[in-house]
Amino acid sequence: MARIELKNVEKAFGKVEVIKPLNLDIEDGEFVVFVGPSGCGKSTLLRLIAGLEDTTAGTIEIDGKDSTSMPPGKRGLAMVFQSYALYPHMTVRKNIAFPMRMAKIPRAEQKRRIESAAEVLNLTDYLDRRPGQLSGGQRQRVAIGRAIVREPSAFLFDEPLSNLDAALRVGMRMEITELHKRLETTMIYVTHDQVEAMTMADKIVVLHDGVIEQTGSPLELYNRPVNLFVAEFIGSPKMNIINGEQASGIDAYKIGIRPEHISISTQSGLWKATVGVAEHLGSDTFFHAKVEGMSDPITVRTDGNMQVDRGSTIYLSPDEQKVHRFDSQGIRI
Ligand SMILES: Nc1ncnc2c1ncn2[C@@H]1O[C@H](COP(=O)(O)OP(=O)(O)OP(=O)(O)O)[C@@H](O)[C@H]1O
Ligand SMILES: [Mg+2]
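Residue numbers for the sequence shown follow the working numbering, so the first one is 9 and each next one is one higher.
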């Protein structure tokens, strides 16, 4: 179990400041997700915590102890990467045992930990196979098993599921969440997928250009994004952002309304619109509409069985309670 505190942590590669001075507290046993677009610094931040990169400035404390200059092996953390990096010639059992052999852990204890990890990860029947005889999801579980047997005080995951197909990703997502509930160990999980962040995290850290834009629970970020960046990044389909002077009836520099918070009527409503392209997902329908006086189309989410004919006139009404307002700096009002 570990509590991790970053204080004014900063990282530059040459002249490029990849992580601007930031502060972050990760509580013992918490599941924290770092999310943000490609290149925003997620992996770098994780590698700083792991000790795989040196900080340019600031301190990293693990359980109250300054660990800034501590070598990775001494930090008690285990990292799981996107590429599983399993040894192809070794069985699953030997792959999982590998870090324990390096650490010269007694045989009997190795066996106990392997069996316990295999049980947690549903790998018991595969211990004598080689990685080439496993599916992608099973291989990823072996990589996690190798981290579990080290009994780390925290797990660090860097996009561990991005090599898997969509269905397997959803399954593994739940398995990792389940694993966290069982082990109650601190986990830090990096992803660029906001759905993964929303479904797995106790706490989400939204990164953008090396800066933390917002930290909060999934619903805090969804309900009260502090700025335009978070507003547009969290939620799918993304929030509609409308110039204040074009959004008749609502005042602010920019206003935001999520596609699921707009009601539709063929009779009357705040905004008169023409229906454009519709996307039928079965469970929902997303359609795009051109509102009179607005430059950008609005996306609306409706019931999957709703029939809306392209080119027809409809009226859209944003739910007043769910409207987000932003100033000229993009900050929530
Ligand atoms: N060793 C390095 N030397 C120079 N620049 C680097 C180095 N490692 C990363 N960077 C730069 O730092 C920035 C952040 O990289 P990082 O790998 O942390 O991004 P990321 O958020 O993990 O992105 P992705 O989602 O694509 O994995 C990028 O602009 C990258 O080019
Ligand atoms: Mg990365």
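Glycine included, every Cβ here is placed at the ideal spot set by N, Cα and C. Just so you know, these numbers come straight off a predicted model, no measurement behind them.
Closest option to Val203, judged by alpha-carbon separation, among Leu229, Asp217 and Glu159: Leu229. Judged by the Cβ position, Ser46 qualifies as a neighbour of ligand 1 at the 7 Å threshold, a heavy atom of the ligand being closer than this. The beta carbons of Arg149 and Leu135 sit no closer together than 8 Å. For Ile212 and Ser273, the gap between their C-alpha atoms comes out near 36 Å. The way I'd put it, the stretch 67-83 doesn't touch the stretch 241-253; fewer than three beta-carbon pairs between them come closer than 8 Å.
Straight through space, the alpha carbons of Ala297 and Lys262 are spaced by roughly 19 Å. A direct Cα-to-Cα measurement between Leu142 and Asp173 gives close to 15 Å.
In this structure, the C-beta of Lys28 stays at least 7 Å away from each heavy atom of ligand 1. For Pro107, same chain residues with a beta-carbon under 7 Å away, outside a window of 5 residues either side, are Arg154, Val157 and Arg158 in chain order.
The distance from the Cβ of Leu53 to that of Ile27 is about 6 Å, consistent with a contact at the 8 Å cut-off. Taking all protein chains in view, the Cβ of Gly301 is surrounded by fewer than 16 other Cβ atoms within 10 Å, so the residue is classified as exposed. Met195 is bridged by DSSP to Phe39 and Phe163. In this structure, His97 is the residue among Glu38, His97, Glu328 and Ala205 with its C-alpha nearest to the C-alpha of Gly140.
Taking a 10 Å sphere around the C-beta of Leu289, we find fewer than 16 other C-beta atoms and assign the residue as exposed.
The beta carbon of Ser271 lies closer than 6 Å to those of Ser325 in the same chain, with the five residues before and after it left out. Distances from the alpha-carbon of Val283 to those of Ser320, Ser276 and His269 put Ser320 closest.
Contact between the stretch 42-61 and the stretch 192-201 is present, with at least three C-beta pairs closer than 8 Å. At a threshold of 7 Å, Phe89 does not count as near ligand 1, since its beta carbon sits no closer than that to any of the ligand's heavy atoms. Per the coordinates, the alpha-carbon of Asn248 lies some 46 Å from the alpha-carbon of Ala126. About 19 Å separates the beta carbon of Ile57 from that of Leu187, a gap too long to meet the 8 Å contact definition. When the five nearest sequence neighbours on each side are left out, the beta carbons in the same chain lying within less than 7 Å of the beta carbon of Ile104 are those of Ile122, Ala125, Val150, Gly153, Arg154 and Val157, in order along the chain. For Met87, the three-state secondary structure derived from DSSP is strand.
In this structure, the beta-carbon distance from Tyr92 to Arg147 falls below 8 Å. Rounded to whole angstroms, the Cβ separation of Gln222 and Pro168 is 24 Å, and the two are not in contact under 8 Å. The beta carbon of Ser75 is closer than 7 Å to those of Ile68, Glu69 and Arg83 in its chain, skipping five residues each way along the sequence. A direct Cα-Cα distance of roughly 55 Å separates Val316 from Tyr95. Per DSSP, the unbroken alpha helix (DSSP H) holding Pro226 starts and ends at Pro226 to Asn231. Residues lining ligand 2 by the Cβ criterion, that is a Cβ closer than 7 Å to any of its heavy atoms, are Lys50, Ser51, Asp166, Glu167 and Val198 in chain order.
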